[in-house]
Structure formats: C-alpha cells, structure tokens
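Okay, so here's the structure we're looking at.
There are 2 protein chains.
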Amino acid sequence: IIQIEKIAREYEMGGSKIYALDGVNLEIGRGEYVSLVGPSGSGKTTLFNLIGGLDRPTQGVVYIDGVDISKLDAYELAWLRCRKIGYIFQTFNLIPVLTATENVALPTVFAGVPRDEGLKKAEKILASVGLKERLHHKPGELSAGQQQRVAIARAMANDPAIILADEPTGNLDLNTGMEIIDLLHGLNKSRGMTLIAATHDLKMIKASDRIVWMRDGKIEKIERG
Amino acid sequence: IIQIEKIAREYEMGGSKIYALDGVNLEIGRGEYVSLVGPSGSGKTTLFNLIGGLDRPTQGVVYIDGVDISKLDAYELAWLRCRKIGYIFQTFNLIPVLTATENVALPTVFAGVPRDEGLKKAEKILASVGLKERLHHKPGELSAGQQQRVAIARAMANDPAIILADEPTGNLDLNTGMEIIDLLHGLNKSRGMTLIAATHDLKMIKASDRIVWMRDGKIEKIERG
Ligand SMILES: Nc1ncnc2c1ncn2[C@@H]1O[C@H](COP(=O)(O)OP(=O)(O)OP(=O)(O)O)[C@@H](O)[C@H]1O
Ligand SMILES: Nc1ncnc2c1ncn2[C@@H]1O[C@H](COP(=O)(O)OP(=O)(O)OP(=O)(O)O)[C@@H](O)[C@H]1O
Ligand SMILES: [Mg+2]
Ligand SMILES: [Mg+2]
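Protein chains in written order, with the working numbering: chain A, 222 to 446; chain B, 222 to 446.
As structure tokens, then:
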C-alpha cells in the first residue's frame, strides 16, 4: 500500500546541509503492523510527515496505492490526509479551544459526517481510550497522557486505512500504554488497518509484524517482528 | 528540603469537582533521588507545579527549606523558581524564536550571569546531552527528543539545588534515555542535587532512592528504591 523510493529530506542550515533522511527505500503491505525504531533524531517523524503528505521530499517519490502523492491535487491530498490516513502526532497538536470530544470529531466534519453523529462517535472512541470522564475538558485541562490519548482517538475518527502513530505511548504508564497497544493492534487485526508506529516502547515493538531500524536518516536493517 | 502537608488541588468543572490531588503528605530530604510513578492523570504534573511554586494548592502547605512558599513575595518566588529549582517540563515549553543555546542560557540571564558566559555554559551543557551539532537550531528545527534534551539542559543552567523532571525520557530511545539518567543521577551523587522525577521509565525508577506510587490524586505507597 505504501512504497517509498530513494527518499531524501535535506535542510539547509546556515551554509551546511542536514540530511534528516538520506536515501530511504521501504515497502509496506496493506494490513501490516510495522515499527519504526531508532535513536532520537534518526528521521522517524520526518519519514511520517512525508508518508502522510504533510511535507515534500527533497528527492525521491512516495507512492500510496500506486499513486505518486506529489502528483495529487489539493482536493485529493486533503482526502488522503483526512480519510485515508489517521495521524497521531508526537506533540499531539490538539486544538486548545475545542473540548476533547470536539477535537476527536473534527476529522468527521471534514468527511461530511452529520455533527451529532460525529460527536457521538467521538465520545465512543474517547471511552475506548479511557477518557469517558474527560469528554468536555479542553487540552489545557488534561494531563499530557490524556492529551496523547485524545490525539490517538482523533486519528481513529474516520476509520482510516492507514494509521501513522508517532510515539503514541511516550507519555503513558505501562498499563495505559498496553491498553492503547491492544486497541491499535486490534484495529490492525480485525479491520486490516495498516499500522506504522514510531516507537521506543519495547511492548509495541514486540507486537509488530516487522521492525524497521533507522539511524542518521537511513534504514539500518529490517527484521521480522 | 521539601515538605508537603495535606495538599489538595481541586478544579471546578461545570458544577462537579475534580481532585487532581487529594490529601498528599510527603517529605523529601536534601540530596535524595525520588521517583514519582503512577497512571496517566494520577496527579504527578500537578504536584510538580505546586512544589515548583508555579501553582497554588487549594488546601495544604508546601515548605521548601522550612519556608511556606505561599508566603514568599514576588522577588523571593522568582529566586526560588529561577535559582533554586530547575524545571524539566513534560511538554518542553521551549521558546520557539530562540535557538537551543539561547533557550538554555535564558535562566542564566535572570540570574545576572554575563551574556557570553551564559551562552558558553549553555553550549557546554548542550554538548553533555548530545546536542553539540544542534546548538543554533530553533525548537521547530529539532526532533521531539532533541527538544526534550534542550529542556533538560535548560533546567541544569543555574546549577539548581532541586531538579523537578517531568517525564524526562518520554521521547528518547533507550540509549539516549540512559545517557540522560546517568547525567541526572551523576549530578545527584556528585553535587548532592535533589532530584524528583515523574516517570513511567523502569530504568529511571530503578536508579532512584525512593519510589512514590500515586493513583487518583493520592499517594498509594512509598518504597525504598
Ligand atoms: N485545568 C484543569 N481542569 C480540570 N482538570 C484538570 C486540569 N488540569 C489537570 N486536570 C486533571 O487533573 C488530573 C491530574 O493531572 P496531571 O497532569 O497532574 O496528571 P499526570 O499524573 O501528570 O498525568 P500524565 O502521566 O498523563 O502526565 C487529570 O485527571 C487531569 O484531567
Ligand atoms: N526544520 C529543520 N531544520 C533543520 N533540521 C531539522 C529540521 N527538522 C528536523 N531536523 C533534523 O532532522 C533530524 C531528524 O528529525 P526527526 O524529527 O525526524 O527525528 P526523530 O527520529 O523523529 O527523533 P525523535 O525520536 O527525537 O522524535 C534531526 O536531527 C533534526 O535535528
Ligand atoms: Mg520524532
Ligand atoms: Mg503529567
């Protein structure tokens, strides 16, 4: 479902070049659960931003379902980012003035789902991540791990074919982290949702089908999970 | 050095009360390394904000060096927050328009250290957290784990007597996390700096002198490390 060919992402900083990604080739099959593991700064978030169409590579091509995503028009790109892909940001990126429920329901608004139906679905997903008692809290009225779970719930709102999860358990205790891993793994197994997770969490790595090890913007090795 | 007596922190949410902390008593000795462990939402960050004088309790008293911090005037409180305590925020709270070096040097400006000396010290601390190649990057030009390490470096800038570390390894891979734990533990052992760390990271918990287990705003039990 996803093919990455010779991807590079350079940054120019005051005369010197930084290669956040430097010649990455990767293929991910439909319904696979892949872990992306590597040191801080090795290029995981950068790769996610390219797969999710939130950033453009300096070189190389990203194909989703055989289509080069740099060739999509604004409408098709929006559809990709809103309907096909669910994105769990490493820094949550919740909207501060909206409640947890409104944050989770937002993607459904863009997908044309009626408001009440979207809010009801949002409440159901928030209950499934353990936040039934925090539906009307704004992000500033939530702990970091609770905000992270709202971000996880939001990614599931449109039943996407692919979820890009960037460090989804970083702020969670072991038990809550395990619940989230079971939830995401369950969607992968029951609905055939493709799950790509950047993580340092051994529990998540163990549950995956394949592990892609990254270092300094390159893929070091790929293992069976 | 820190005494917490019958602390509570309530929030009023549309008619119902939420107890982020509900009757917490705790004493932490000078030079101790204490881990604060508990599920997401159990009150760790709230307790840090009260100890660090960034928030006021609804009930109870926080004493630092025998002084009730709610009785401090604005000048004494600023001295406490800037010189005595180093704060590693769970969400980093770096200043986006400043470089990594300027962010780390900022507390030294408030402490009256000459500018060049502060910047030089900041570069030294940034090198000690593995960011020698990222001194002039702004937060937006850094990975999340790199931003977290800038936040850790900033907390060390004024050689504080106490460091409050809120999930300092959440975004770091195992090796980088280990380096940070060794660094903080080293300051604790060599300089007698008091270290209080909220964490879900087993490596950090194991290195500590005592473990305070929290749940639903209360202390559940306290163990020797
Ligand atoms: N401004 C607020 N209004 C209402 N409730 C709040 C507010 N801030 C925090 N809370 C609630 O207080 C509880 C404690 O929050 P706190 O941030 O201290 O938890 P935590 O232990 O740090 O969690 P985490 O491990 O997820 O960071 C949470 O349930 C949270 O929803
Ligand atoms: N805008 C930018 N300008 C310059 N360098 C950048 C920029 N954004 C990212 N980088 C660099 O690119 C590298 C890869 O960053 P990326 O965020 O992808 O790492 P990561 O693997 O997600 O790390 P972490 O585990 O800490 O989240 C880092 O070394 C970072 O400093
Ligand atoms: Mg990242
Ligand atoms: Mg917290």
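Don't be surprised by glycine CBs; every beta carbon is placed ideally from N, CA and C.
Start-end ranges of the beta strand (DSSP E) lying completely within the stretch 345-431 of chain A, minimum 3 residues | DSSP assignment within the stretch 345-431 of chain A yields the following whole beta strand (DSSP E) runs of 3 residues or more, N-terminal first: 383-387, 415-419.
Looking at B:R304 and B:T415, is the spacing between their C-beta atoms short of 7 Å?
-> no
DSSP bridge partner residues for A:A311 (one or two, in chain order) | Reading off the sequence, residue 311 of chain A comes out as Gln, not Ala. Answer is none; A:Q311 lacks a bridge partner.
Label A:Y254 either buried or exposed according to how many other C-beta atoms from any shown protein chain fall within 10 Å of its C-beta, with 16 as the threshold for buried.
-> buried
Three or more beta-carbon pairs under 8 Å between the stretch 418-425 of chain A and the stretch 234-252 of chain A, yes or no?
-> Segments in contact, no.
Give every residue of the same chain whose Cβ lies closer than 7 Å to the Cβ of B:R163, excluding the five residues on either side of it in the sequence, and list them in chain order.
-> Because chain B spans 222 through 446 in this model, residue 163 of chain B falls outside it and cannot be assessed.
Would you check whether ligand 3 has a heavy atom nearer than 6 Å to the C-beta of B:A365?
-> yes
Starting from A:I272 and walking both ways along the beta strand (DSSP E), at which residues does that stretch end?
-> Not the beta strand (DSSP E): A:I272 falls in the alpha helix (DSSP H), residues 265-272.
Any Cβ of chain B within less than 7 Å of the Cβ of A:T397?
-> Output row for A:T397: interface = yes.
Quick one: list the residues of chain B neighbouring A:P260, beta-carbon separation under 7 Å, in chain order.
-> D394, N396, T397
Buried/exposed call for A:G446, threshold 16 Cβ in 10 Å | exposed
Evaluate A:P278 with the Cβ neighbour count: other Cβ atoms within 10 Å of its Cβ, from every protein chain shown; 16 or more gives buried, anything less gives exposed.
-> buried
Cβ-heavy atom distance, A:T266 to ligand 3, below 6 Å = yes
Nearest-angstrom Cα separation, counted from A:N392 out to B:A419 = 11 Å
Using the beta-carbon of each residue, which ones in chain A are nearer than 9 Å to B:A365?
-> S261, T266, Q311, T312, D387, E388, G391
Which one or two residues does DSSP pair with A:R445 in a beta bridge?
-> By DSSP's assignment, A:R445 forms a beta bridge with A:R431.
What separation, rounded to the nearest whole angstrom, lies between the Cα atoms of B:H358 and B:I285?
-> 36 Å
Among A:A378, A:V350, A:V371, A:K342, the one whose alpha carbon lies nearest that of A:T397 = A:V350
Sorted by chain position, which residues of the same chain lie with C-beta nearer than 7 Å to A:V245's C-beta, five sequence neighbours on each side aside?
-> I225, I228, L268, K439, I440
Express the C-alpha separation of B:T390 and B:I459 in angstroms, rounding to a whole number.
-> Summary: the structure shown does not reach residue 459 of chain B, with chain B confined to residues 222 through 446, and so no result is reported for it.
Ligand 3 heavy atom lying under 6 Å from the CB of B:Q311 | no
Is B:D289 helix, strand or coil by DSSP?
-> If DSSP states are grouped into helix, strand and coil, B:D289 belongs with the strands.
Between the stretch 368-381 of chain B and the stretch 327-334 of chain B, do at least 3 Cβ pairs fall closer than 8 Å?
-> yes
Using a Cβ cut-off of 7 Å (strictly closer), state whether A:H421 contacts chain B.
-> Among the residues facing chain B, A:H421 is included, as its CB has a counterpart in that chain under 7 Å away.
Can B:S263 be considered in contact with ligand 1, in the sense that its beta carbon sits closer than 6 Å to one or more heavy atoms?
-> yes
Below 8 Å on the Cβ atoms is my guess for B:M435 versus B:K292; work out the distance and round it to an integer in Å.
-> That pair is no contact at about 27 Å.
Check: B:E233 C-beta below 6 Å from any heavy atom of ligand 1 = no
Cα-Cα, which of A:I272, A:Y240, A:P260 is closest to A:I417?
-> A:I272
Which residues of chain A have a Cβ atom closer than 9 Å to the Cβ of B:H357, listed in chain order?
-> M234, G235
Cβ neighbour criterion (16 or more within 10 Å) applied to B:P510 | Any property of residue 510 of chain B remains undetermined from this structure, which presents chain B solely from 222 to 446.
Same chain only: Cβ atoms within 8 Å of B:I290, ignoring 5 sequence neighbours per side = G274, V283, Y284, L298, L301
Can you give the Cα-Cα distance for B:S237 and A:S429, rounded to whole angstroms?
-> 42 Å
Rounded to the nearest angstrom, how far is the Cβ of A:V371 from that of A:L257, given a contact under 8 Å?
-> Contact flag wrong, Cβ pair sits at about 23 Å.
Could you give the distance in angstroms between the alpha-carbon of A:G235 and the alpha-carbon of A:A241?
-> Taking the CA atoms as reference points, A:G235 sits about 16 Å from A:A241.
Starting from A:L242, follow its DSSP beta bridges and name the residues at the other end.
-> A:R230
For B:L319, does the three-state DSSP call read helix, strand or coil?
-> coil
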